[in-house]
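A short worksheet on the structure shown next.
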């Protein structure tokens, strides 16, 4: 096979600096390179959609987090989905749709389908759902919500499930799955329009953490029997308010901490809740979806069925163009997105 | 039945004040009353040993903790063991040995054997072990160590178990049970003599949190593979140092928070560890032994067998006389006891 795209330009974003606290647009550098060739066993994919997700903040640091950081001058890490334009792999043909968390912030990506696990490549059935769904409700955020709530949070019918960043990619699914599990679902977010959407998709109550006079009291009012499952996407003051309202035997799923983005890498100082944990016999569980990656297809099958039956709905927030990747990511870190933030590459 | 002890005095301690932070001797008032008569279905017991335990700090507050506080002017709550001197209950006869957490800080106590659960009365076999063991390794602290470590901490052979307040009533048992479970056990305490005892009973390493130059580094040095199970009896700075050294999948058992005694009821402000929990997928579990009370005999049977076989040893710290109950309890809160603190009433 020759060089299929040898005169085409690959536009991409390189990591230019390790930010101290909240990232800024200067932390990435726009770059153009010839489209690379796929090596043996590899495929070349043209991005149609790229994802931004909170975990990317962790990759913008030199140390190891749960996986190693992006090197300076390397393509910024991120997932994407697009069409195969060249293949040196027997199971992949031109025109197939490939989704991968190894895509990077770039228009063209060389991927290795034989990699097993989160860095691998998934073949997407475009007839099942719009292909960008593979970055949201039918992909990593969906799998996160599914196993984080059901396997870690272990909700029982009649229990109260509280979700922070409730209109986000993971949060809106957690609320809807909680309802399907027979629970009461309570949304926390920082914007009334987001909370109206949460009510619209089935959350029973909604709390605006920015306008509530006293947040712990607002949680108590919304959860008179206490909080049985707290699915925490944010950490910070919302976490604190919910921790004061746990029921006996409550489960707290620590999924994200986007509220701490401005202080990434620095100690998070505030109130601890040892007493509450003992008195309520509650548990807090750090959760990383990749521990469930071998059961990914189980979640996707169920999510697809629910969506087909009209039982879950999902809101995306779309920007256009590779140029806007930093902007899209910073919208997310600042809570300005409304629904799952994705970028259409075209 | 008449009034068996009508001319005998019952010396006792009443709760006189709800302390703000660390209790002081003035928070109790010494009192004498005639020995009470047992009512229908009740027994009268003469204390031989009384216990002091960290949980009692929680009872010295007006609000509900996991159980309601002691009222002002009421007998201070606490467990004890002694001989039945009068019985209106068919299953109990004079001379039987009764242990109960409902004893109170007093020489004579009327108990109701038909109460089910933690407030009930247990008949003690004096041939099995010295009767004061029913307040320590063969009683509530033993059951705490047993289920807290094995059911909540879930140690696997080869794992590293770190124990705070390691020479205390619960800690010394946790370390020895961890060894029996095939683990490496690491003791943390604030006194070299206590740590020497911990090494003597089988702990593999020992850290003095008062003299370690940098505590988190000392934990890292003692646990090069990370901490798999952290049995936390103290909260505070020891907790913080261990949390920075969790292994992937670590379990943290939040059993006590005696290090916070001086700030009881006030917010515990310090570093939180959301990032560590996510990166390590660790879990923190608030633990209260009474949730395992229905399986109490299972733990006691096993502990008795281990002790008989010479596999566990236990150190007690004994004071003499009902007069010394406040002193004994304050020794405990200040970490001045060496082993399980009990008081011989005679």
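Chains as they are written, first to last, in the numbering used here: chain A, 1 to 346; chain B, 1001 to 1346. Even glycine gets a Cβ: it sits at the ideal position worked out from N, Cα and C. Quantities reported herein were computed from a predicted structural model and do not represent experimental measurements.
Check	Outcome
Reduced DSSP category for residue 197/A - H, G, I as helix; E, B as strand; rest coil	helix
Alpha-carbon to alpha-carbon, residue 143/A and residue 283/A	22 Å
For residue 1284/B, the three-state DSSP class (helix, strand or coil)	strand
Member of 135/A, 45/A, 131/A, 24/A whose CA lies at the smallest distance from the CA of residue 355/A	Chain A is shown from 1 up to 346; residue 355/A falls before or after that span and cannot be answered.
Beta carbon of residue 1201/B nearer than 7 Å to that of residue 1166/B	no
Coil, strand or helix - residue 322/A by DSSP	helix
Chain-ordered neighbours of residue 257/A on chain B, where CB pairs are closer than 8 Å	1274, 1275, 1278
Inter-residue spacing [alpha-carbon to alpha-carbon] between residue 183/A and residue 1164/B	38 Å
Cβ neighbours of residue 1029/B in the same chain (closer than 6 Å, five flanking residues each side left out)	1014, 1016
Pair within 7 Å by beta-carbon distance, residue 157/A and residue 178/A	no
Backbone CA spacing between residue 247/A and residue 101/A [nearest angstrom]	37 Å
Nearest neighbour of residue 1333/B, chosen from 1114/B, 1136/B, 1025/B, 1211/B [CA to CA]	1025/B
Cα-Cα separation, residue 1/A to residue 113/A	Model confidence at residue 1/A stands at a pLDDT of 48, short of 50, so the residue's coordinates are unreliable; what they give is reported in the following sentence. Approximately 18 Å between the Cα atoms of the pair.
Best match in 1081/B, 1118/B, 1009/B for proximity to residue 1031/B [C-alpha to C-alpha]	1009/B
CA nearest to the CA of residue 1130/B, picked from 1037/B, 1243/B, 1099/B	1099/B
Extent of the continuous alpha helix (DSSP H) run through residue 1289/B	Per DSSP, residue 1289/B belongs to no alpha helix (DSSP H) and is neither H nor E.
Same chain only: Cβ atoms within 7 Å of residue 317/A, ignoring 5 sequence neighbours per side	337, 338, 339, 340, 341
Test item: CB-CB of residue 1261/B and residue 1022/B under 7 Å	yes
Spatially closest choice to residue 135/A from 324/A, 315/A, 321/A, 323/A, by CA coordinates	315/A
Among 1108/B, 1096/B, 1089/B, nearest to residue 1040/B - alpha-carbon criterion	1089/B
Residue 1271/B: contacting residues in chain A (beta-carbon distance under 7 Å)	267, 268, 269
Residues that residue 66/A contacts on chain B, provided the C-beta gap is smaller than 7 Å	1279
Residue from 79/A, 109/A, 94/A with nearest C-alpha to residue 33/A	109/A
Cutoff 6 Å; reference residue 1161/B; Cβ partners in own chain excluding five residues on either side	1155, 1178, 1183, 1185, 1229
Short Cβ contact (7 Å threshold) for residue 216/A with residue 181/A	no
Contact set between residue 1285/B and chain A, taken where Cβ atoms lie within less than 7 Å	283
Presumed contact (8 Å Cβ cut-off) between residue 1052/B and residue 1078/B, rounded CB distance	7 Å
Chain-ordered chain B contacts of residue 228/A [CB-CB under 8 Å]	Chain B residues near residue 228/A: none, gap ~14 Å exceeds 8 Å.
Identity of the residue in 1122/B, 1080/B, 1106/B nearest residue 1297/B by Cα	1122/B
Residue 56/A to residue 267/A span [Cα, whole Å]	19 Å
Contacts that residue 1254/B makes with chain A (C-beta to C-beta distance below 8 Å)	274, 277, 278
Completely contained beta strand (DSSP E) runs for the region 183–238 of chain A, where each covers 3 or more residues	184–189, 205–208, 227–232
Residue 26/A, DSSP secondary structure in three states	helix
7 Å Cβ cutoff met for residue 1255/B and residue 1287/B	yes
Assigned secondary structure, residue 301/A (DSSP; H/G/I helix, E/B strand, else coil)	helix
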